[in-house]
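Each position in the sequence shown, counted from 1, maps to that position plus 18 in our numbering.
Every residue, glycine too, gets a C-beta built ideally from N, C-alpha and C.
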Amino acid sequence: MNILDILHSELNQASHIQKITVEYVARLPDEDESETFPKENEQLATADASCYWIDWSNQLGSWVNPDGTDVRVLVREDARGLDPGELLLGFTSTLIGICLNLQGQIAIHANAVILNGEAVAFIGYSGAGKSTLSAFCASCGAAFVTDDVLVIDEQGYVQPGNPRIKLYPETGASLGLDASQETDYKIFYHPELHLGGTCQEKPIPIGKMYLLTEAEKDEIYIESVPPAQAVFDLLTHGYDVSRFISRNPRLFDAYIQIVNRLPVQRLVYPHDFDRLPEVYALLLQESQKP
Numbered sequence: 019m020n021i022l023d024i025l026h027s028e029l030n031q032a033s034h035i036q037k038i039t040v041e042y043v044a045r046l047p048d049e050d051e052s053e054t055f056p057k058e059n060e061q062l063a064t065a066d067a068s069c070y071w072i073d074w075s076n077q078l079g080s081w082v083n084p085d086g087t088d089v090r091v092l093v094r095e096d097a098r099g100l101d102p103g104e105l106l107l108g109f110t111s112t113l114i115g116i117c118l119n120l121q122g123q124i125a126i127h128a129n130a131v132i133l134n135g136e137a138v139a140f141i142g143y144s145g146a147g148k149s150t151l152s153a154f155c156a157s158c159g160a161a162f163v164t165d166d167v168l169v170i171d172e173q174g175y176v177q178p179g180n181p182r183i184k185l186y187p188e189t190g191a192s193l194g195l196d197a198s199q200e201t202d203y204k205i206f207y208h209p210e211l212h213l214g215g216t217c218q219e220k221p222i223p224i225g226k227m228y229l230l231t232e233a234e235k236d237e238i239y240i241e242s243v244p245p246a247q248a249v250f251d252l253l254t255h256g257y258d259v260s261r262f263i264s265r266n267p268r269l270f271d272a273y274i275q276i277v278n279r280l281p282v283q284r285l286v287y288p289h290d291f292d293r294l295p296e297v298y299a300l301l302l303q304e305s306q307k308p
């Protein structure tokens, strides 16, 4: 698949994106040009100084218009020979999250599975263990909902994401998955084909939200997070929310409503594959509480 095909395939979660284009350029905008470059070059359908530059790497970036409906991806000419999948890995999730937030939807850097009939969300930075824990839960029978981009609507329902989980091959091997593909970057595993699980196809109510935290000691526990801190944490893990939330106060209110709807908790556990069964058992126990 080429870059444009991958973008269309990945960005289908952001259903209100109306236009996606890819352009190869000699150089990417630098910091001093980030507010004026699209206007001067009139490359976006709604080009003006309020467009957002998504600075992903020295080979790749994107302009997004103010309402998150028009995406123009710029790729440096010297990146033409790179594997499109490797080049875009992680970038598409960020792009989806930013577009959704610009559209006024809640999009958090998180994963979700289903336990006891409700979505359970795992929130955290890259490397926090979201995908690993989600993959383990799916292998134990929990239905998979989404990887990397958690979208919650006004009714408190989680929208299903693309049916794949990104894992490093060594992580896949530790979970008993095929890791024969030799690569230094994450690869896609299908929850049904590779984990023997199921994928949620319809929106489902959010039940629990956990901020993943690595334990300093050899212990596993869940603790509550004060509401004000919870709002801050959700905004921190929202895709670039701090850049444009001042222009959309309703989005800030939406994040507050999530915390008012259900408490956000902290899940603390050691990053040890052998302890994942205990973590899963604790999550099952908590999912049965009102």
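In the structure shown, the three-state DSSP call for Tyr-273 is helix. Taking 7 Å as the cut-off, the Cβ atoms of Asp-258 and Ile-35 do not count as close. Under the three-state reduction of DSSP output, Pro-245 falls in the helix class. The C-beta distance from Lys-226 to Ser-152 rounds to 13 Å, too long to fall under 8 Å, and the pair is not in contact. Looking only at Ala-32, Glu-188, His-26 and Tyr-228, the smallest Cα-Cα distance to Val-286 is reached by Tyr-228. Where Asn-129 is concerned, the enclosing beta strand (DSSP E) starts and stops at 124-133. In the DSSP secondary-structure assignment, Trp-81 is bridged to Trp-71 and Arg-90.
Put simply, the backbone Cα of Thr-87 is about 41 Å away from that of Asp-290. The Cβ neighbour count for Lys-148, taken over all protein chains shown within 10 Å, is at least 16; the residue is labelled buried.
By DSSP's assignment, Gly-256 forms a beta bridge with Ile-126. The region 99-168 is shown to contain whole alpha helix (DSSP H) runs of 4 or more residues at 102-106, 109-120 and 148-157, in chain order. The Cβ atoms of Lys-184 and Lys-204 sit closer than 7 Å to each other. DSSP places Leu-230 within a strand segment (E or B) once states are collapsed to three.
Taking the Cα of Thr-189 as reference, the smallest distance to any Cα among Arg-284, Val-82 and Thr-150 is reached at Thr-150.
Counting along the chain, the unbroken alpha helix (DSSP H) around Leu-294 starts and ends at 294-305.
Here the region 128-145 does not lie against the region 67-82, with fewer than 3 beta-carbon pairs under 8 Å apart.
By the neighbour-count criterion, in which a residue is buried when 16 or more other Cβ atoms sit within 10 angstroms of its Cβ, Pro-245 is exposed. Nearest to Val-43 by C-alpha distance, out of Gln-283, Ala-125, Ile-276 and Ala-97, is Ala-97. Its chain contains Tyr-42, Val-43 and Ala-44 as the residues whose beta carbon lies nearer than 8 Å to that of Glu-95, once the 5 sequence neighbours on both sides are disregarded; these appear in chain order.
By the Cβ-count criterion, Pro-295 is exposed, with fewer than 16 other Cβ atoms from all chains shown falling within 10 Å of its own Cβ.
Between Ile-240 and Gln-173, the C-beta spacing is not below 7 Å.
If the five residues before and after Ala-146 are omitted, its C-beta is found closer than 7 Å to the C-beta atoms of Leu-230, all from its own chain and listed in chain order. For Gln-303, the number of other beta carbons within 10 angstroms of its own is below 16, and it is reported as exposed.
In summary, Asn-119 is buried, with 16 or more beta-carbon neighbours lying within 10 Å of its beta-carbon over all protein chains present. Excluding five sequence positions before and after Gln-177, the CB atoms of its chain that fall closer than 6 Å to its own CB belong to Val-169 and Pro-221, given in chain order. CA-to-CA, the gap between Lys-37 and Leu-300 works out to about 44 Å.
Contact between Leu-269 and Gly-179 is ruled out by a C-beta separation of about 20 Å, above the 8 Å threshold. DSSP links Glu-219 through a beta bridge to no other residue. For Ile-183, there is no enclosing alpha helix (DSSP H); the residue is part of the beta strand (DSSP E) that begins and ends at 183-185.
The beta carbons of Pro-223 and Tyr-175 sit closer together than 7 Å. Beta bridge pairing from DSSP links Phe-206 with Lys-184.
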